[in-house]
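Notes follow once the structure below has been shown.
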Amino acid sequence: TTMSVSIVVQRFRQCKLLLNEEQWVAVGDGENSTSCGLLAYISFGSSTTQSQVETAAQTLLNLPVLTTGLWGDSSSTQSILSLATTSTSSCSLVIVPQANLISKVKGKTIQYHGQIDKVSGEQLYDYFCSHVQGILLESQCEVRSEELPEWYIKRKKYLEQQKSKKSHSPSTPPEELFRDNLKYSEWDDRGIPTKDSEGNSLTKSALKKLTKMYEAHKKKHSKWKEEEQRRCDDVDGSEQTTSSSMVTEAPPSEQWDGSLDESFCHYVKGSFGKRQGLEFSSDMGPFVHSFNV
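Residue numbering for the sequence shown follows the numbering used here, beginning at 33 and increasing consecutively.
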């Protein structure tokens with residue numbers, strides 16, 4: 033079976049992570065029994081979608097595997113979100129990219145064919161971390177009866193609008209309609225996919241559905257081009273039209289440092305594609321849980 037998102041979590045009292053190969057960041061308190069944190073290793077399969085990444089973020093934050101006491105001492109298990117929303121404990125969350133979680137042993141070798149490519153993997157990792165931070169921020173503001181930061185509201189609205197455009201605007205060239213490397217690996221000369229991300233040929237029914245979508249979009253695109261041409265003819269010169277129709281507003285930049293309070297949840301995002309270093313202490317084993325989304 034193909035893994036989409038693979039996550040391994042470990043409980044800790046204290047954790048120290050190397051960032052950007054030069055800076056060590058410490059979270060938690062090894063001497064404090066009320067200090068509790070979760071270290072999460074994450075990897076993405078070649079067919080992972082943003083929707084699956086969002087589900088993985090929700091699952092991680094609601095996973096009831098943490099305890100402020102010792103395992104087996106009758107203290108109840110809690111999730112990062114439930115710990116963060118109480119004032120009786122200090123909680124931390126450390127995310128570490130770990131591509132090799134998705135691998136397969138064959139004979140005396142390890143194969144990594146199911147992994148996503150590095151560029152797409154980094155994009156999904158950033159998306160995953162932003163989604164996790166967004167859930168934490170919304171919970172923080174709800175518990176404290178505070179308003180969400182304006183930048184976050186605008187950014188979330190922008191991303192939701194972009195997501196709703198998955199059907200593509202009429203301006204999208206038909207040959208670019210299905211150019212999604214997370215879903216497909218080969219296309220015909222029209223840009224219609226012929227193989228999925230794993231290299232498997234699409235079924236006849238899937239091809240028929242995609243072809244129907246392609247033809248419908250092609251008609252919309254032709255109509256859009258005609259309207260654009262008429263608009264250009266009505267304007268003296270096309271420069272003004274180009275500048276007004278081609279500009280795409282960028283989403284507000286992320287400002288987590290000034291928004292997500294470490295006293296609510298001390299969050300650390302591990303560096304992607306860098307040499308990794310880790311130290312941590314834990315006294316509430318069993319330490320590890322793993323799951324796939």
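Beta carbons: idealized from backbone N, C-alpha and C, even for Gly.
Values in this document were obtained by computation on a predicted structure and should not be read as measured data.
From the DSSP output, which residues share a beta bridge with residue i?
i    : result
C264 : For C264, which the question treats as bridged, DSSP gives no partner whatsoever.
L49  : V57 and L310
N324 : S38
P129 : I74
G69  : F44 and S124
K244 : Note: K244 sits in no beta bridge, so no partner.
K138 : T141
Y299 : L125
State the start and end residues of the unbroken alpha helix (DSSP H) segment that holds residue i.
i    : result
I112 : I112 to A116
V164 : K150 to V175
So what does DSSP say about residue i, is it helix, strand or coil?
i    : result
N232 : coil
I224 : coil
Q147 : strand
S217 : strand
E286 : coil
Hey, would you say residue i sits closer than 7 Å to residue j, going by beta carbons?
i    : j    : result
H3   : P181 : The structure shown does not extend to residue 3, since the chain is modelled only from 33 to 325, so the question has no answer here.
G309 : L50  : yes
K186 : P284 : yes
S36  : V325 : yes
L156 : T80  : yes
S107 : P96  : no
If I follow the unbroken beta strand (DSSP E) through residue i, where does it start and stop?
i    : result
V85  : First-last for V85: Q82 to L93, but that is the alpha helix (DSSP H), not the beta strand (DSSP E).
Q143 : T141 to Q143
V97  : Unbroken run through V97: none, as it is neither H nor E.
E336 : Nothing about residue 336 can be reported from this structure: the residues present for the chain run from 33 to 325 only.
Who are the near neighbours of residue i in its chain, counting only those whose CB is closer than 8 Å to its CB and skipping five residues on each side?
i    : result
S314 : Q42, R43, F44 and R45
N64  : R45 and S122
R222 : P206, E207 and Y246
D61  : R45, Q46, S67 and S122
T117 : S171 and V175
In chain order, what residues of the same chain lie with their CB nearer than 6 Å to the CB of residue i, ignoring the 5 residues before and after it?
i    : result
W219 : P225
Q147 : A131 and I134
V128 : Y73 and G302
Please return the same chain residues whose Cβ sits closer than 7 Å to the Cβ of residue i, not counting the five positions on each side in sequence.
i    : result
L242 : F210, I224 and P225
W256 : P202 and S203
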